[in-house]
Amino acid sequence: MIDLESIGKTYTRQTGESVRALDDVSLRIERGEFVAIVGASGSGKSTLMNVLGLLDEPTEGRYRFDAEDVSNLSLAARAGFRNARIGFVFQSFHLLARTSALENVELPLLYSDRADIAGLGERALAAVGLADRMQHTPAELSGGQQQRVAIARALVNEPDLLLADEPTGNLDAAVAAEIMSILQSLNRAGRTIVLVTHDPAMASAARRLVRLAHGRVVSDGPIASGDITLAPTVLEAR
Amino acid sequence: MRALGARRVRSALALAGAATGVAAVVLTAAVGVGTARRIDEQIQSLGANLLIVRPADVKRLVARQALSGPATTLTLDDFAAVGALRGVAHAAPGVSATMTVKHDATTTSTTVLGTTPAFAAVRRFHVRTGRLFDDDDDRHARRVAVLGAEVADALFAGAVAVGQAIRIRGVPFDVIGVLAPKGVLADGDEDNQILIPFHTAARRVFNVTWLSSVFVSVVNPTEVSSVETRIEALLGARHRSERDVADDFEVQDAARYFTIQRKASETLRVLTAGIAAVALGVGGTGIMALMLLSIRERSDEIGLRVAVGARPRDIVAQFLMESTALVVAGWLGGVAVALFGGIAIARATSLAIAPPLAALAGSFAMVMIIGIGFGAFPARRASLLPPIRAMAER
């Protein structure tokens, strides 16, 4: 489904210094995979996530999504593509304050040209177990509940790809495990998920591990679900 | 809308700022337009074609003592000559002084004017009750009086005045009529006077042979200044032939007097409109600051919206709607304040108020420009940032 070919990304800092965030990254992700991308800060994993999510353009290489070349789409075309094909979950939830859970979940539908949007918000909230919290505002929800609202928002438009950037970074261990199990069950139901994290315990929930260092892929391989023996390797990467 | 509600205090402040500016602009313009309109009405009611000849103040030597006062050289013959000039519709002579007038035990001080029946036509007076004196009354110097509306109120306090007796400087008069008031349009003194026949005044009350004024109405308002020149030439020639001195009379053009007043009020209006525009500018700056601040603060929200698929124009439309709602509310608030303020001013003072259409339209255009400019452009800039960077800018 996703085919990155020799992707490079160079930033220019305000000081004029250029930073090579991604260097010749090639990566294929098939439909139904659950991939964890790990790496130390500055390894390029956030940049890779932005490129995968069409939030940022690569400076080199080619990005094909379902055989469609999306490397050089216009701003508006990328916005439309994100809206229809990709769901995002962020570390700090990014819910609109003073806005009900249901309205937060329905936000992407505001920018969608789909006609059949009735009931999608309710269905997505029910899928993350928050059918009884639809009218609550973020301030009235716990951290774990807020992240579940954010997951429902990512799923509301039935995207091909779910991108999660440190989704448990702001949550305590018990709640984090709960969020990971939601992601796992979504994956078991067929959803393609890319998880960006530095936390080995969280990465171990995925089925494939891609490790980045200095903007390059240094290892890429499958992991058995729940295989904690991998943890030291991931720790080393930090 | 919710976002504006969430920043209630700040929105209210920005809104109040804009409303104050709009109210200042609209209110000063309302006073300006009202004043200009009243001056026009005054000119109309007075007669746009009215000229008044008065004796000039001159210095005389009486028994080696310098006295100053009006010249005593304006005569009935002068009046007759002026009345015969080309372009003059009506002319009326006048002798007048401020005097104490008495009815039973009630006294009042007012201007007593001796004149001819033509005066009513020249000064556009109408009789409310009774009648005006006629040429016959004048010829026989009858002691009849027509009261101005204010004088009638002062002496008779609502009771019927016609048929009653009054004393002017001790001389008994019969009241034969009361004039209709000119009201606020008049310069104030026009309703506070008593008219008596010219000859009655000259012989029985004032005992003078000279005139204190000649009232002239001109046939065609466009000829006012040429008739004025003719009167000056005529009287100049008549008087200088007797005494080789400077002009001992002056010709006043009522319309010109009001034109000067109108120019003065227009200057004032431009000045106050400028100040009001500054106030509006300050109010607009408040809205501008609010929008800039709110867009900066909400770069997080903008980033999220962009991430989930909002195009730049969706973001611009959203902020445009918010800022437009804000400025329209501010404008409506300002107009409401101006409306109540205008009513209050009209009630409490003698200032005239009229709806200033240009200021309404102008202030609306200005707040819309502020709203659109400072709603759309920062939002557009924010929407073009990569969404993740926008989110990081917290």
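Line by line, the protein sequences are chains L and F.
The numbering of the first sequence is the working numbering, which starts it at 1261 and goes up by one.
The numbering of the second sequence is the working numbering, which starts it at 8 and goes up by one.
Don't be surprised by glycine CBs; every beta carbon is placed ideally from N, CA and C.
A quick note: this is a predicted structure, and the numbers were derived from the prediction, not measured.
Please compile the residues from chain L whose C-beta is within a distance smaller than 8 Å of the C-beta of E329 (chain F).
What E329 (chain F) touches in chain L: nothing, since even the nearest Cβ is about 14 Å away.
Considering only the alpha carbon of each residue, which of F:T117, F:T123 and F:L202 lies closest to L162 (chain F)?
F:T117
Just how far apart, CA to CA, sit I294 (chain F) and T35 (chain F)?
22 Å
Cα-Cα separation, Q1444 (chain L) to A1461 (chain L):
13 Å
Going by alpha carbons, who is nearest to L58 (chain F) out of F:D84, F:T356, F:A261 and F:D145?
F:A261
Name the DSSP bridge partner or partners of T115 (chain F)?
F:V108
Cβ of I1488 (chain L) within 8 Å of any chain F Cβ
Note on I1488 (chain L): pLDDT 41, under 50, position unreliable in the model; the coordinate value appears next. Not an interface residue.
Stretch pair the segment 311-322 of chain F + the segment 371-383 of chain F: three plus CB contacts closer than 8 Å:
no
Contact between the segment 1292-1302 of chain L and the segment 1341-1357 of chain L is defined here as three or more beta-carbon pairs at a separation below 8 Å; is this criterion met?
no
Report back the beta-carbon spacing between N1364 (chain L) and L1356 (chain L) to the nearest angstrom; my notes put them in contact at under 8 Å.
6 Å
State the Cα-Cα distance for the pair K270 (chain F) and T229 (chain F), rounded to the nearest angstrom.
19 Å
Could you please give the first and the last residue of the uninterrupted beta strand (DSSP E) stretch that includes S224 (chain F)?
S220 to V225
Taking buried to mean at least 16 other C-beta atoms within 10 Å of its own C-beta, is N1447 (chain L) buried or exposed?
buried
Quick one, which of L:T1452, L:M1261, L:L1455 and L:P1398 has its alpha-carbon nearest D1329 (chain L)'s?
L:M1261
Residue of L:G1389, L:I1411 and L:A1339 minimising C-alpha distance to L391 (chain F)
L:A1339
Kindly list the residues whose CB is nearer than 7 Å to the CB of D1263 (chain L), restricted to its own chain and excluding five residues on each side of it in sequence; keep chain order.
R1288 and R1324
Looking only at C-alpha atoms, which of L:P1368, L:P1398, L:G1475 and L:P1419 sits nearest to S1266 (chain L)?
L:G1475
Using CA coordinates, which residue listed in L:I1453, L:V1477, L:M1394 and L:S1479 is at the minimum distance from E1290 (chain L)?
L:I1453
Grab me the residues of V89 (chain F)'s own chain with a C-beta within less than 8 Å of its C-beta, minus the 5 sequence neighbours each way, in chain order.
V60, V95, A98, V221, V223, I238, L241 and L242
Buried or exposed: which applies to I282 (chain F), given that a residue is buried once 16 or more other Cβ atoms fall within 10 Å of its Cβ?
exposed
Sheet register partners of R1500 (chain L) (DSSP bridge)
Outside the shown range of chain L, which is 1261 to 1498, sits residue 1500 (chain L), and nothing can be said about it.
Drop a sphere of 10 angstroms on the beta-carbon of R1499 (chain L), count the other beta-carbons inside from all chains shown, and report buried for 16 or more, exposed for fewer.
With chain L covering 1261 to 1498 only, the question about residue 1499 (chain L) has no answer from this structure.
Close-in-space but distant-in-sequence residues of the same chain around D142 (chain F) (CB under 7 Å, 5 per side omitted):
P124
What's the C-alpha gap between R146 (chain F) and P100 (chain F)?
14 Å
Taking only three categories from DSSP, how would you classify H147 (chain F)?
coil
Tell me, please, whether the CB atom of N1343 (chain L) is closer than 8 Å to any CB atom in chain F?
yes
Who are the neighbours of R318 (chain F) on chain L, taking C-beta pairs under 8 Å?
L1335, A1336, A1339, G1340 and Y1371
Chain F beta carbons: is any one of them nearer than 8 Å to that of D1316 (chain L)?
yes
Please name the residue in F:T216, F:A30 and F:L367 whose C-alpha comes closest to that of L402 (chain F).
Residue 402 (chain F) lies beyond the residue range present for chain F, which begins at 8 and ends at 401; the question has no answer from this structure.
Answer with yes or no whether the minimum CB distance from F1325 (chain L) to chain F is below 8 Å.
no
Inspect the beta-carbon positions of V65 (chain F) and L287 (chain F) and report whether they are closer than 8 Å.
no
From F:F180, F:I201 and F:A128, pick the residue whose C-alpha is nearest to that of V158 (chain F); which is it?
F:I201
8 Å is my cut-off, CB to CB: does E400 (chain F) come that close to chain L?
In this prediction, E400 (chain F) scores a pLDDT of 41, lower than 50, which makes its location untrustworthy; the coordinate-derived value is nonetheless stated afterwards. By this cut-off, E400 (chain F) is not an interface position.
Got a sec, what are the start and stop residues for the beta strand (DSSP E) L1315 (chain L) sits in?
Looking at the DSSP string, L1315 (chain L) is not in any beta strand (DSSP E), and its letter there is neither H nor E.
Spell out whether any CB of chain F is found under 8 Å from the CB atom of L1495 (chain L).
In this predicted model, L1495 (chain L) has a pLDDT of only 39, less than 50, meaning its place in the structure is not dependable enough to derive any value.
Take Q1405 (chain L) as the anchor and find which of L:A1436, L:D1376, L:P1419 and L:A1424 has the nearest alpha-carbon.
L:A1436
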